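Below: the structure, in structure tokens.
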Amino acid sequence: MTSQYENIPEPVHDIPPLSEYAKSVIARLGLEPHPEGGWYVRDWQSASFAPADFASPTQHPGFSMVTGNRPLASLIYFLLPTGDFSDWHQVDADELWLWHGPGHVTLELAGNGDAPDPSKSERIVLGSGLTDTRTDPATNPGSDTKSCGNSPASGNSKGSNVGPDADNAEPVIGHAIVPAGVWQRTIPGDADALVSCVVSPGFTFAGFNLADNAD
């Protein structure tokens with residue numbers, strides 16, 4: 152498979168076994184392994200580009216900032232199969248996570264220093280307080296989470312049926328923003344989960360920093 156990026160780091164952990172659902176999503180979206188863990192494909196980038204003198208105010212000293220011909224924003228599909236996770240890393244631009252499901256995604260943030268700082272740890276559960284009527288036995292007894300209609304693998308073209316769960320008091324969290332330079336990772340989940348990640352200015356591996364001895 153030919154990658155869409157250059158100078159891609161090697162993956163830092165092994166790929167866990169994949170469910171049939173995950174295999175279907177990977178095949179349909181054309182995903183490939185991401186160095187931090189999970190599977191991804193760049194699906195869109197802005198036709199407008201950042202000026203050559205652009206600089207991120209929270210740029211990590213170790214980053215080699217690339218500005219020329221860098222799109223103002225880019226988007227990837229990112230799949231976290233059951234048991235897989237994203238290792239500690241930084242991105243030199245703001246990143247917006249958009250949850251699609253079916254599983255929840257636990258995103259952990261830990262400051263913007265030289266290494267993740269446990270004292271600044273914050274966890275955000277994407278998908279919290281949301282439900283999908285296609286996979287809720289109470290509203291759809293014949294549903295099967297492996298073919299969740301909220302996923303591109305289902306072939307459903309009518310849009311998402313995901314919305315706030317009226318019987319759930321949890322806060323509704325369908326998206327999260329990670330500021331530029333902040334350490335982030337995900338915690339292994341017990342279900343396959345698809346998200347979109349929007350990075351502005353557009354993502355480049357020159358602005359991507361994996362933690363030493365990430366685990």
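Numbering-wise (the numbering used here), the sequence shown opens with residue 152 and increments by one.
Note that beta-carbon positions come from the ideal geometry of N, C-alpha and C, so glycine has one too.
As the structure is a computational prediction, the values presented were derived from the model and not from experiment.
Margin query: Our contact map puts Glu232 next to Pro167 with C-beta atoms below 8 Å; I'd like the distance itself, whole angstroms only.
Written below: Translated into positions along the sequence shown, residue 232 becomes position 81. Translated into positions along the sequence shown, residue 167 becomes position 16. The question names Glu, but residue 232 is Pro in the sequence shown. With 8 Å as the limit, Pro232 and Pro167 qualify as a contact, their Cβ atoms being about 6 Å apart.
Checklist line | Buried or exposed by the 16-neighbour rule on C-beta atoms within 10 Å, applied to Glu246 | finding: Position 95 of the sequence shown holds residue 246. By the neighbour-count definition (other C-beta atoms within 10 Å, threshold 16), Glu246 is a buried residue.
Notebook entry, point to check: Which two residues bound the contiguous alpha helix (DSSP H) that contains Glu171?
Noted result: By one-based count along the sequence shown, residue 171 stands at place 20. Looking at the DSSP string, the run of the alpha helix (DSSP H) that includes Glu171 is Glu171 to Leu180.
Check: Beta-carbon separation of Val346 and Trp248 under 8 Å?
Finding: Counted from its first residue, the sequence shown places residue 346 at position 195. Counted from its first residue, the sequence shown places residue 248 at position 97. Yes, these two residues count as a Cβ contact at 8 Å.
Item checked: In DSSP terms, what Trp195 is bridged to -> The sequence position of residue 195 within the sequence shown is 44, counting from 1. According to DSSP, Trp195 bridges with Leu226.
Item checked: Assigned secondary structure, Phe356 (DSSP; H/G/I helix, E/B strand, else coil) -> By one-based count along the sequence shown, residue 356 stands at place 205. It is helical.
Notebook entry, point to check: In this structure, does DSSP put Lys297 in helix, strand or coil?
Noted result: Stepping through the sequence shown from its first residue, residue 297 is reached at position 146. Caution applies to Lys297, whose pLDDT of 31 falls short of 50 and renders its modelled position unreliable; the value that the coordinates give is listed next. Residue state for Lys297 is assigned as helix, using DSSP reduced to three classes.
Notebook entry, point to check: Who are the Cβ neighbours of Gly353 in its own chain at under 7 Å, not counting the five residues just before and after it?
Noted result: Here residue 353 is taken as the residue at index 202 of the sequence shown, counted from 1. The beta carbon of Gly353 is closer than 7 Å to those of Gln196, Ser197, Arg221, Pro222, Leu223, Ala224 and Ser225 in its chain, skipping five residues each way along the sequence.
Item checked: Environment of Val323 [buried if 16+ CB atoms lie within 10 Å] -> Here residue 323 is taken as the residue at index 172 of the sequence shown, counted from 1. Burial call: exposed.
Next item on the list: Can you give me the Cβ contacts of Val192 inside the same chain, cut-off strictly under 8 Å, excluding the 5 residues immediately before and after it?
Entry: If you number the sequence shown from 1, residue 192 lands on position 41. Contacts found: Gln155, Leu180, Gly181, Leu182, Glu183, Ile227 and Tyr228.
Item checked: Beta bridge counterpart(s) of Thr257 as assigned by DSSP -> Taking the sequence shown and counting its residues from 1, the one referred to as residue 257 is at position 106. Per DSSP, Val276 and Ile338.
Check: Where does Ser351 fall in DSSP's three states?
Finding: Taking the first residue of the sequence shown as 1, we reach residue 351 at position 200. For Ser351, the three-state secondary structure derived from DSSP is strand.
Notebook entry, point to check: Would Ala344 be called buried (16 or more neighbouring beta carbons within 10 Å of its own) or exposed?
Noted result: In the sequence shown, the residue the question calls residue 344 occupies position 193. By the neighbour-count criterion, in which 16 or more other beta carbons inside 10 Å mark a residue as buried, Ala344 falls on the buried side.
Checklist line | Glu171 to Ile177 span [Cα, whole Å] | finding: Taking the sequence shown and counting its residues from 1, one reaches residue 171 at position 20. Taking the sequence shown and counting its residues from 1, one reaches residue 177 at position 26. Distance from the CA atom of Glu171 to the CA atom of Ile177, rounded to whole angstroms, is 10 Å.
Next item on the list: Could you tell me the boundaries of the beta strand (DSSP E) in which Ile328 lies?
Entry: What you label residue 328 is simply residue 177 of the sequence shown in a count that begins at 1. Looking at the DSSP string, the run of the beta strand (DSSP E) that includes Ile328 is His326 to Val329.
Notebook entry, point to check: What separation, rounded to the nearest whole angstrom, lies between the Cα atoms of Leu361 and Leu258?
Noted result: Translated into the one-based positions of the sequence shown, residue 361 becomes position 210. Translated into the one-based positions of the sequence shown, residue 258 becomes position 107. Looking at the two C-alpha atoms, the distance is approximately 16 Å.
Item checked: Cβ-Cβ distance between Leu260 and Gly325 below 8 Å -> By one-based count along the sequence shown, residue 260 stands at place 109. By one-based count along the sequence shown, residue 325 stands at place 174. Annotated as distal: Leu260 and Gly325, with beta-carbon spacing of 8 Å or more.
Next item on the list: Pull up the CB-CB distance for Gly340 and Val256, whole angstroms please, since I reckon it's below 8 Å.
Entry: Here residue 340 refers to the residue found at position 189 of the sequence shown. Here residue 256 refers to the residue found at position 105 of the sequence shown. Contact holds; Cβ gap of about 6 Å.
Margin query: DSSP three-state label for Pro184, please.
Written below: As a position in the sequence shown, residue 184 is number 33, starting the count at 1. In the structure shown, Pro184 sits in a strand (DSSP, three-state: E or B).
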